[in-house]
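Visitor: Going down the list, the sequences are from chains B and D. Using our numbering, the first residue of the first sequence is number 543, and each one after it goes up by one. Using our numbering, the first residue of the second sequence is number 49, and each one after it goes up by one. The following block contains the structure, expressed as structure tokens.
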Amino acid sequence: DAGVIQSPRHEVTEMGQEVTLRCKPISGHDYLFWYRQTMMRGLELLIYFNNNVPIDDSGMPEDRFSAKMPNASFSTLKIQPSEPRDSAVYFCASSLTETQYFGPGTRLLVL
Amino acid sequence: DAKTTQPPSMDCAEGRAANLPCNHSTISGNEYVYWYRQIHSQGPQYIIHGLKNNETNEMASLIITEDRKSSTLILPHATLRDTAVYYCIVRVWGETSGSRLTFGEGTQLTVNP
Numbered sequence: 543d544a545g546v547i548q549s550p551r552h553e554v555t556e557m558g559q560e561v562t563l564r565c566k567p568i569s570g571h572d573y574l575f576w577y578r579q580t581m582m583r584g585l586e587l588l589i590y591f592n593n594n595v596p597i598d599d600s601g602m603p604e605d606r607f608s609a610k611m612p613n614a615s616f617s618t619l620k621i622q623p624s625e626p627r628d629s630a631v632y633f634c635a636s637s638l639t640e641t642q643y644f645g646p647g648t649r650l651l652v653l
Numbered sequence: 049d050a051k052t053t054q055p056p057s058m059d060c061a062e063g064r065a066a067n068l069p070c071n072h073s074t075i076s077g078n079e080y081v082y083w084y085r086q087i088h089s090q091g092p093q094y095i096i097h098g099l100k101n102n103e104t105n106e107m108a109s110l111i112i113t114e115d116r117k118s119s120t121l122i123l124p125h126a127t128l129r130d131t132a133v134y135y136c137i138v139r140v141w142g143e144t145s146g147s148r149l150t151f152g153e154g155t156q157l158t159v160n161p
């Protein structure tokens with residue numbers, strides 16, 4: 543299996559622009575997670591899905607952030623409009639049992 | 049989920065065993081101890097987990113004290129590639145809690161040649 547796939551790996555955009563991050567979980571996994579990592583706040587959970595349904599979005603910082611999972615093999619995290627403080631590494635992870643498998647992350651820089 | 053306490057950093061000589069401690073004095077009876085690590089610029093990687101018995105896999109061993117208030121992750125023969133931040137996480141596994149992980153500060157392990 544190729545593992546969790548994230549795209550793009552790097553994204554540089556200007557403040558106010560829309561940013562869409564993509565994730566393909568490991569086939570057969572029924573949980574999908576979006577995390578954000580910054581130097582100041584460390585690794586924090588934004589939202590997670592079970593069987594394509596959002597279960598807990600309490601970590602989503604504000605309404606500018608939205609996440610969808612239209613099917614079992616694809617999820618998006620959208621930021622609109624983006625701000626410089628959104629600059630971070632965004633990780634997607636998936637799981638079937640207790641173990642979460644993380645993707646390589648998307649490094650986002652908002653200028 | 050119970051809170052964990054780890055030393056911020058540790059050093060280890062290559063080829064020696066690395067012993068990473070974790071305190072979780074408020075752990076509940078149904079909470080597991082998980083260890084993940086994050087090598088620089090990569091996503092976190094699962095290492096091992098356990099409930100109350102000691103566990104071993106191809107990567108490491110996990111020793112949990114009898115009262116379950118602390119544990120130690122052991123890398124038996126550390127290599128330079130084991131340099132990473134190691135996270136000890138305590139959480140419940142169940143249908144309502146999903147498999148939420150709460151990452152703390154972790155321990156930066158540096159393996160020296």
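Even for Gly, the Cβ is constructed at its ideal location relative to N, Cα and C.
1) Using C-beta distances below 8 Å, list every residue in its chain close to proline 626 (chain B), excluding the 5 sequence neighbours before and after it, in chain order.
2) Go ahead and label arginine 139 (chain D) buried or exposed: buried means 16 or more other beta carbons lie within 10 angstroms of its beta carbon, across all protein chains shown.
3) Considering isoleucine 621 (chain B), what are the terminal residues of the beta strand (DSSP E) in which it resides?
4) Which residues, taken in chain order from the stretch 590 to 614 of chain B, show a beta carbon closer than 8 Å to some beta carbon of chain D?
5) Taking the DSSP output, what are the residues bridged to methionine 58 (chain D)?
6) Do valine 81 (chain D) and isoleucine 112 (chain D) come within 9 Å of each other at the CB atom, strictly closer than that value?
7) When the Cα of tyrosine 632 (chain B) is compared with those of B:Phe591, B:Gly645, B:Asn594, which residue comes out closest?
8) Less than 7 Å between C-beta atoms, sequence neighbours within five positions excluded: which residues of the same chain meet that for proline 603 (chain B)?
9) Run through DSSP, which three-state label would arginine 116 (chain D) get?
10) Chain D beta carbons: is any one of them nearer than 9 Å to that of leucine 585 (chain B)?
11) Per DSSP, what kind of secondary structure is aspartate 605 (chain B) in: helix, strand or coil?
12) Restricting to runs no shorter than 4 residues, where is the alpha helix (DSSP H) found entirely within the stretch 565 to 610 of chain B?
13) Taking only beta carbons into account, state which residues of the stretch 552 to 563 of chain B come closer than 7 Å to chain D, listed in chain order.
14) Taking 9 Å as the cut-off, decide whether the C-beta atoms of serine 57 (chain D) and leucine 157 (chain D) are in contact.
15) Please list the partners that glycine 645 (chain B) has in chain D, where partner means a Cβ-to-Cβ separation under 7 Å.
16) Could you tell me the distance, in whole angstroms, from the CA atom of phenylalanine 616 (chain B) to the CA atom of serine 608 (chain B)?
17) Does the beta carbon of glutamine 642 (chain B) come closer than 9 Å to any beta carbon on chain D?
18) When DSSP builds the beta bridges, which residues end up paired with tryptophan 83 (chain D)?
Guide: Let me spell this out:
1) As a working mapping, residue 626 (chain B) is identified with position 84 in the first sequence. Hits under 8 Å: Met557, Val652, Leu653.
2) Numbered from 1 along the second sequence, position 91 holds the residue referred to as residue 139 (chain D). With 16 or more Cβ atoms within 10 Å of its Cβ, arginine 139 (chain D) is classed as buried.
3) Sequence index remark: in the first sequence, residue 621 (chain B) carries index 79 (1-based). Element bounds for isoleucine 621 (chain B): 616 to 621.
4) Tyr590, Asn592, Ile597, Asp598
5) Sequence index remark: in the second sequence, residue 58 (chain D) carries index 10 (1-based). Answer is D:Leu157, bridged to methionine 58 (chain D).
6) Start at 1 with the first residue of the second sequence, and residue 112 (chain D) comes out as number 64. Start at 1 with the first residue of the second sequence, and residue 81 (chain D) comes out as number 33. Cβ distance < 9 Å, so isoleucine 112 (chain D) and valine 81 (chain D) count as in contact.
7) Here residue 632 (chain B) corresponds to residue number 90 of the first sequence, with the count starting at 1. Selected option, being the one with the closest Cα: B:Gly645.
8) Residue numbering aside, residue 603 (chain B) sits at position 61 when the first sequence is read from its first letter. Taken in chain order, the list of residues that qualify is empty.
9) Looking up residue 116 (chain D) in the second sequence gives position 68. Secondary structure of arginine 116 (chain D) (DSSP, three-state): coil.
10) For the purposes of this step, residue 585 (chain B) is taken as the residue at position 43 of the first sequence. Yes, because at least one Cβ of chain D sits closer than 9 Å to the Cβ of leucine 585 (chain B).
11) Your numbering for residue 605 (chain B) matches position 63 in the first sequence. Shown here, aspartate 605 (chain B) sits in coil according to DSSP, grouped into three states, outside any helix or strand.
12) none
13) Legend: CB atoms of the stretch 552 to 563 of chain B lying less than 7 Å from CB atoms of chain D are not found in any residue.
14) Start at 1 with the first residue of the second sequence, and residue 57 (chain D) comes out as number 9. Start at 1 with the first residue of the second sequence, and residue 157 (chain D) comes out as number 109. Result yes, Cβ atoms of serine 57 (chain D) and leucine 157 (chain D) sit closer than 9 Å.
15) Here residue 645 (chain B) corresponds to residue number 103 of the first sequence, with the count starting at 1. Simply Gly91.
16) Counting from one through the first sequence, the residue named residue 616 (chain B) turns up at place 74. Counting from one through the first sequence, the residue named residue 608 (chain B) turns up at place 66. Each residue's Cα considered, the two are about 14 Å apart.
17) Numbered from its first residue, the first sequence carries residue 642 (chain B) at position 100. Closer than 9 Å: yes.
18) Here residue 83 (chain D) corresponds to residue number 35 of the second sequence, with the count starting at 1. Answer by DSSP bridge pairing, in chain order: D:Ile96, D:Cys136.
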